[in-house]
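**Student:** Please read through the structure below; I'll follow up with questions.
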Amino acid sequence: MERRLKIRYGLIAGIIALGVGGYYVVDSMLQTDMRGIELDKNTIDENKKAKADFDLDSIKPLSEQELLENSLKRSTGWGKDLHYGNQGVVGGIYVPSVDIKLPISKGIGNNSLSRGVGTGFEDREMGKGNYVLLGHNSPNKHVLFSPLEDMKTGDIIYVTDATWMYEYETTDKKRIHQSQGEVMDNTTEDIITLITCFGGLNTDKRTVVTGKLKHKYPVSGAEKEIKTALNIKEDN
């Protein structure tokens with residue numbers, strides 16, 4: 191039990207704010223969305239089998255240089271040449287109300303969290319139990335998981351693995367201390383938990399959004415707007 195609590199605490203404490211030094215200089219050039227990343231079923235199935243970084247000590251603040259480099263790789267096509275674009279990607283998340291459109295990567299390595307969000311647990315699946323996603327925030331309210339602060343009860347959250355679409359409805363948003371890792375405990379109810387930090391660098395506050403699974407259906411049945419936002423590749 192003690193080890194479990196320590197791991198749980200470490201995970202939630204590891205999600206931190208981006209550093210702000212010089213950040214606004216490149217603010218307008220940053221993009222953290224689905225551009226340069228295509229959700230392809232076959233690639234995602236392979237990525238699910240790959241090893242991922244779940245080392246809590248690997249989570250560190252992101253610099254504006256790292257964000258800019260990752261943005262350029264994707265927007266210019268470098269990502270394909272560097273095998274960067276879809277590396278480790280196991281899905282995508284779309285929240286229309288706050289314009290979140292991000293890749294979901296397996297694990298919480300720096301590469302995963304610098305371009306989107308990461309899965310908190312290796313043995314959790316979309317649509318089953320408590321599916322936990324963690325991401326950084328930023329002074330720019332449009333970057334990464336910063337828009338969580340503007341979410342409201344009733345907002346719809348879409349997540350997909352390019353095979354199934356999972357539609358959650360937001361049921362709660364709260365601010366907690368980083369020690370309250372119980373929000374990540376698994377549940378018998380099928381829910382999603384989105385976590386980011388609240389405040390500046392080294393803050394001990396976290397914003398947590400929870401949603402309840404309402405619908406699961408094949409990607410082919412999703413609306414065009416959703417498939418476009420998530421850049422889903424469909425079989426012809």
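Take the position in the sequence shown, starting the count at 1, then add 190; the result is the number in this note's numbering.
All residues carry an ideal CB built from backbone N, CA and C; glycine is no exception.
Please read these numbers as outputs of a predicted model, since none were measured by experiment.
Quick check on the DSSP output: the alpha helix (DSSP H) that includes T418 runs from which residue to which?
**Tutor:** 414-419
**Student:** So, D380 versus K414, is the Cβ gap smaller than 9 Å?
**Tutor:** no
**Student:** Given a cut-off of 9 Å, decide if V373 and I385 are closer than it, judged by their beta-carbon atoms.
**Tutor:** With respect to the 9 Å criterion, I385 and V373 are classified as neighbours on the basis of their beta carbons.
**Student:** Since V285 contacts I347 with CB under 8 Å, what's their CB separation in whole angstroms?
**Tutor:** 5 Å
**Student:** Round the Cβ separation of T360 and D345 to the nearest angstrom and send it over; I've been treating them as touching at under 8 Å.
**Tutor:** 4 Å
**Student:** Going straight from the alpha carbon of N330 to that of K342, what length do you get?
**Tutor:** 19 Å
**Student:** Shortest alpha-carbon distance to D235 belongs to which of K291, T400, L292, K296?
**Tutor:** K296
**Student:** What is the residue span of the alpha helix (DSSP H) that N320 lies within?
**Tutor:** N320 -> not in any alpha helix (DSSP H); beta strand (DSSP E) instead, spanning 320-324.
**Student:** Check each candidate in G411, N300, G282 and name the one with the smallest Cα separation from R225.
**Tutor:** Answer by Cα proximity: G282.
**Student:** Output needed for G278: all residues of its chain with C-beta closer than 8 Å, excluding positions within five of it in sequence on either side, in chain order.
**Tutor:** N237, A240, A242, S295, K296, G297, G299, N301, S302
**Student:** In this structure, how does DSSP classify K402 when only helix, strand and coil are distinguished?
**Tutor:** strand
**Student:** Going by DSSP in three states, N392 sits in which element: helix, strand or coil?
**Tutor:** coil
**Student:** Quick check on DSSP: helix, strand or coil for D362?
**Tutor:** For D362, the secondary structure class from DSSP, reduced to helix, strand or coil, is strand.
**Student:** Applying the 10 Å Cβ sphere with the 16-neighbour rule, what's the burial state of N327?
**Tutor:** buried
**Student:** Nearest to I422 by alpha carbon, out of S287, F244, K291?
**Tutor:** K291
**Student:** Tell me, please, which residues DSSP counts as bridged to H367.
**Tutor:** K395
**Student:** Can you look up G226 in the DSSP assignment and give me helix, strand or coil?
**Tutor:** coil
**Student:** Measure the Cβ-Cβ separation of G310 and P293 and say whether it is below 9 Å.
**Tutor:** no
**Student:** In this structure, how does DSSP classify G299 when only helix, strand and coil are distinguished?
**Tutor:** coil
**Student:** At what residues does the alpha helix (DSSP H) containing I234 begin and finish?
**Tutor:** 231-239
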